[in-house]
Every structure is written in structure tokens, then in C-alpha cells.
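> Here it is: the structure, laid out below.
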Amino acid sequence: MNLPVKYRPKNFEEITNQRHVVITLQNALKYQKISNAYLFAGPRGVGKTTTARIFAKGLNCEKGITSHPCGECGICREIDDGRSVDVLEIDGASNRGIDQIRELRENVRFTPVRARYKVIIIDEVHMLTTEAFNALLKTLEEPPPRVVFILATTEPRKVPDTVKSRTQRFDFRPLSSLDIKKRIKEIAEKEDIRVESEEIFDIIAEAADGSLRDGIALLEQAYIFSGDVITVTHLKELVGLIGKEVYLKFFEYFKKGDKKAVVELLDELVMQGYSLEDFLRGFTEALDRLLRVKLGIEENGYESIAGRFTVYEIMLMLKIAKDMEESLKYSKNPRVFFDFHLLRLTSLMSEIDLNQVLARGNIYITSGANNMNFNNNHYRNNNQEMEDSLKKKIIEKLGLKEVNNGSL
Ligand SMILES: Nc1ncnc2c1ncn2[C@@H]1O[C@H](COP(=O)(O)OP(=O)(O)OP(=O)(O)O)[C@@H](O)[C@H]1O
Ligand SMILES: [Mg+2]
Ligand SMILES: [Zn+2]
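Taking numbering that gives the first Met the number 0, the leading residue of the sequence shown gets 0, the next gets one more, and so forth.
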């Protein structure tokens, strides 16, 4: 299917979200003020190569230099199909050496075969070797007539200043998740791709992280993976997203102080093939959602648990999430530290902080839960279930045996 290619824009109007670039290039064509070299900088999958091709059509369309290439003439079609002898696309990553650039310099000495301009698009130009850059620089310093270079890169910082200064630079922007959502929704409709709910588009747009190509590719992948209808569960699995229900469970266990359940739940996720990064990404996101509910900014499904956490506690959890991030970066065995951080967090969040209770030292337990003697209102009003579980824990912790009448 290859949807990203199928839905590659064929004219300037179809390019999403790069208005500043598009208008300037269209004006250049309209007033025939063509530079010898352009630098298209920007993150992956935001339209650099696409724009370069459309610009090449604008320069070469049989109807004349135009900001609205016809898309129908022989030359426009050749460029669209990538088989024009005058529009060359070179991958800088695999042609990074001096020899390839020398060859290119030879090539550009000849006038275009059929078209008005030779257009040389070098993708990932930052990958060229120093010698190759020097050779390229020579060409840019004495530009052959009727040749336009378009240097595309995701890492403009790695392009030597000498080269940059010979080019007209355009910065492509990452696309907003809203723009990505709009486009993939449109494509899904055209392709008759059925989705379980609107949320599918939100998840894809979020996961695409600014790259429309990644978004479209993910839509296609999810479609193939799901078979018929794309479901939220399938999609989340595909992008390594852990579901909200899992984090709701974590929050519940934190409050219960159930350290064993917390560690086991993380075990389970790892066994299902999720990475610690996946967990942490989702956890941070869940905390952000929780915070937003607390602050009354949005409703997002975390309402059920939000009442049990204070804003301060959520901030504390975010701080611990940050510690987990550090462990990921700096520890040889981050899993151990994830357990540690989660346990620490559980202690801090727990409504029944056992250690605190034990530290008071004046506990006696009989079968009637009401007889538990804690100096804390917090515990006094808790329900039977919680008291029972607390009792069990204290018994465990102290290594005591419960005798039949419930006293210790
Ligand atoms: N701004 C955009 N408007 C419309 N479609 C886009 C845009 N950006 C990307 N796409 C879609 O993504 C595909 C890939 O885009 P393109 O090859 O132009 O990205 P790129 O910026 O050159 O990425 P890379 O840096 O990875 O080479 C296109 O075929 C198109 O389907
Ligand atoms: Mg590209
Ligand atoms: Zn044309």
C-alpha cells in the first residue's frame, strides 16, 4: 500500500503547515528569482523532499516556470514518479564520499537534457565527508548555469557554515498533532480504514511526534496489524502505549500501600514486552493527566482516582518519575532502581503507611478492628477492608501468629 508515498502532495497547496516556506518558494517561481542553492532544514517526515520535488516541477513544468505546476505534462509526471533525468535525488548518507560528489560535479557541467533546470536534491546532506563538502562548496562558489541544489537535512548544525552561507535557508517545522490528526483522518476515510473510535487518531497523532510521515505510516501499520477495524487495544500495543487502566491500577496500589502488587504489575508489563521507557513515558503522561484533572483543566478518565491524591503528591510522583529517568540513563540495571523508586513512591503515597504506624510503637490488635489503637484520625475512619489488610500486614511484618480469637 505504502500510504506515505501514495499521499505525497503533488502541489504546493497540499503541503500542510509549512506556509512560510511554501509562500516564499512560490514567490521565487512567480518572480523568477531563483537561487543556486537552498537548504531545507527540519525534522524527519515534515515535507522537505516533497517540497523539493514540487519546486523542481515549478521550475521545469512544460507550461513555463510556475508557482502552480500543472502536474500533467510529461516533465511534471516524470518528476512525480522520480524518473526525471534532470531531477536527481541523492541520498547523502550512502553517497557521502568525495568520488560521488566529483561525479556530481561532472554531471552538473552539462546542461539539462529535457528540462529547464537541473535540480539536485541531496538528502541528509549533513552526512557528507569533509572532502565531499569541500568539493560541493567549490560547485556552490562557481555555480553552473541552470542548476539548482536543494540540500535537505535533519541536522543543520552539522552542515559547515561555509556551505550554509552559500544557500538560502528554509526551516521546516514539526507538524502539530492536530494537523497530523486531520490528515490521517482524511486518509483513513479515503482508504476506507475503519477505526473503533476517534481516540485512534489522537493516539496516532501523538505517537507521530511531529512527523506526518510517521503518522501516516503508523496508520497503515495499525491497519495491517488489526486486520479489519483498528482498535485502541491493538494500536496501543503497537506503539508500546500502556493503557490507562494499568496506571489506574498502579495509583490504586500506591494508595493501598501494596508494594508487592506494584512490583508485580511492573513485572507483568515487562513480560508482556513493554520496555521501562514505555512504562515511564506512560506513567509521566498519566501523572500529567491526573494533575490536569486536579487543576480542573480537563476531564480525561482519571477523575475516579484524582480525589485521593493531592496536587503536592502528584508533584512528588513526578519528581520520582524524573528519578526513574535518571536511572534509565545512568544505571546498568535500571530495573532494580525502578523497583526501588516505585517502592519509595508507594511508601510516600500510601494511605496506610505501615512504617509510620509501627514507629509509633503502641499498637495492639484484637479481632475487632475498632480496637486498633492508632493516634491518627486518618486510619480511624477507614473501612473494614482496609483495616483487615492493615492488620494482616502488621502481623506479617512483626512475624506474629494470629490465634483463633483474633488476639496476637
Ligand atoms: N508538510 C506535509 N504536508 C503533507 N504531507 C506531508 C508533509 N510532510 C510529510 N508529509 C507526508 O510524509 C511523506 C514524507 O514526507 P517527506 O519525504 O517530504 O519528508 P522529509 O521531510 O523529506 O523527511 P526526511 O527528513 O525523513 O527525508 C510524504 O510523502 C507525505 O505523505
Ligand atoms: Mg526527505
Ligand atoms: Zn507540468
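Glycine is no exception: its CB is placed at the ideal position from the N, C-alpha and C atoms.
Mind checking who arginine 168 pairs with in its DSSP beta bridge?
Paired residues: Leu38.
> Which residues in the same chain as glutamate 302 place their Cβ atom closer than 7 Å to its Cβ, once the five residues preceding and following it in sequence are excluded?
Excluding sequence neighbours, glutamate 302 sits near Val292.
> Between the Cα of glutamate 350 and the Cα atoms of Tyr252, Leu247, Glu205, which residue gives the shortest distance?
It is Tyr252 whose Cα lies nearest to the Cα of glutamate 350.
> If you drop the 5 nearest sequence neighbours on each side, which residues of the same chain put their C-beta closer than 8 Å to that of histidine 377?
In this predicted model, histidine 377 has a pLDDT of only 44, less than 50, meaning its place in the structure is not dependable; the value taken from the coordinates is given anyway. These residues qualify, in order along the chain: Glu350.
> Would you say isoleucine 74 touches ligand 3, meaning its beta carbon is less than 7 Å from a heavy atom?
Because some heavy atom of ligand 3 lies under 7 Å away, the Cβ of isoleucine 74 counts as near it: yes.
> Terminal residues of the continuous alpha helix (DSSP H) containing threonine 232?
Element bounds for threonine 232: 231-238.
> Spatial neighbours of arginine 168 within its chain, please: CB distance less than 6 Å, with the 5 preceding and 5 following residues excluded, ordered by chain position.
The residues are Leu38.
> With DSSP collapsed to three states, give me the class of aspartate 410.
The requested residue 410 is not part of the displayed model; the chain covers only 0 to 407.
> Measure from the alpha carbon of glutamate 88 to the alpha carbon of each residue in Ala305, Ala51, Ile304, then state which is nearest.
Closest by alpha carbon: Ala51.
> According to DSSP, simplified to helix, strand and coil, what is threonine 152?
Threonine 152 falls in the strand class under three-state DSSP.
> By a C-beta neighbour count over all protein chains shown, 10 Å radius and 16 as the cutoff for buried, is asparagine 375 buried or exposed?
For asparagine 375, the predicted model reports a pLDDT of 43, less than 50, meaning its position is unreliable; a value from the coordinates is still stated below. By the neighbour-count rule (16 or more Cβ atoms within 10 Å), asparagine 375 is not buried but exposed.
> Could you tell me which of Pro142, Asn26, Phe11 sits nearest to proline 408, measuring between CA atoms?
This structure cannot speak to residue 408, because the chain is shown only from 0 to 407.
> I believe phenylalanine 200 touches lysine 184 by the beta-carbon criterion, under 8 Å. Please report the beta-carbon distance rounded to the nearest angstrom.
Confirmed, about 5 Å.
> Are there three or more Cβ pairs, one per stretch, closer than 8 Å when the region 233-250 is compared with the region 319-331?
Taking 8 Å as the limit for Cβ pairs, the verdict is that the region 319-331 does not touch the region 233-250.
> Considering only their Cβ atoms, is the gap separating isoleucine 202 from tyrosine 222 smaller than 8 Å?
Taking 8 Å as the Cβ cut-off, tyrosine 222 and isoleucine 202 do not qualify as a contacting pair.
> In its own chain, which residues sit with a C-beta less than 6 Å from the C-beta of serine 83, not counting the 5 before and 5 after it?
Counting only Cβ-Cβ distances below 6 Å, and skipping sequence neighbours, we find Glu77.
> Thinking just about the alpha-carbon of each residue, which of Thr283, Phe308, Gly281 is nearest to the one in leucine 294?
The candidate whose alpha carbon is nearest that of leucine 294 is Phe308.
> Grouping DSSP H, G and I as helix and E and B as strand, with all else coil, what is glutamate 417?
Residue coverage of the chain in this structure runs from 0 to 407, which leaves residue 417 outside it and unanswerable.
> Ignore the nearest five residues each way along the sequence and tell me which others in glycine 367's own chain have a CB closer than 6 Å to its CB.
Any reading at glycine 367 must be qualified, since the residue scores a pLDDT of 38, below 50, and its modelled position is unreliable; the value itself is stated next. Correct list: empty, nothing qualifies.
> Contact check, leucine 28 vs glycine 70 under 8 Å by CB: the rounded distance?
So it is not a contact: roughly 14 Å between Cβ atoms.
> Is lysine 427 near ligand 2, in the sense that its beta carbon is under 7 Å from a heavy atom of that ligand?
Residue numbering for the chain in the displayed model covers 0 to 407; residue 427 lies beyond these limits and cannot be assessed.
> Would you list the one or two residues that DSSP bridges to valine 269?
In the DSSP output, where bridge partners are listed per residue, valine 269 has none listed.
> Output yes or no for whether 8 Å exceeds the beta carbon distance between leucine 341 and valine 262.
Yes, they are a contact pair.
> Is the beta carbon of aspartate 122 less than 8 Å from the beta carbon of glycine 91?
Closer than 8 Å, so yes.
> Would you check if the distance between the CB atom of glycine 46 and the CB atom of phenylalanine 171 is smaller than 8 Å?
Yes, the pair counts as a contact, with Cβ atoms nearer than the cut-off.
> Along the chain, where does the alpha helix (DSSP H) that runs through isoleucine 199 open and close?
Start and end: 198-207.
> For serine 330, which residues from the same chain have a beta carbon less than 6 Å from its beta carbon, with the 5 sequence-adjacent residues on both sides left out?
So the list reads Phe336, once near-sequence residues are dropped.
> Return helix, strand or coil for lysine 258, following the three-state DSSP convention.
It is helical.
> Mapping DSSP to helix, strand and coil, what is isoleucine 192?
Here isoleucine 192 sits in coil by DSSP.
> Could you have a look at lysine 9 and say whether DSSP puts it in helix, strand or coil?
Reduced to three states, the DSSP call for lysine 9 is coil.
> By the DSSP assignment, the alpha helix (DSSP H) with proline 333 in it spans what residues?
It spans 333-348 - the alpha helix (DSSP H) in which proline 333 sits, taken as one unbroken run.
> Have a look at Pro142, Leu240, Pro42 and flag the residue whose alpha-carbon is nearest the alpha-carbon of leucine 103.
Among Pro142, Leu240, Pro42, the Cα nearest to that of leucine 103 belongs to Pro142.
> I'd like to confirm the pairing. Which residues does DSSP put opposite valine 146 in its beta bridges?
Paired residue(s): Lys117.
> Could you tell me if the beta carbon of alanine 92 falls within a distance shorter than 7 Å of some heavy atom in ligand 2?
Checking the Cβ of alanine 92 against ligand 2 gives no.
> Does ligand 1 have even one heavy atom less than 7 Å from the beta-carbon of glutamate 13?
Checking every heavy atom of ligand 1 against the Cβ of glutamate 13, one is found closer than 7 Å.
> Please report the straight-line C-alpha distance between glycine 96 and glutamate 105, rounded to a whole angstrom.
Whole-angstrom Cα-Cα distance: 15 Å.
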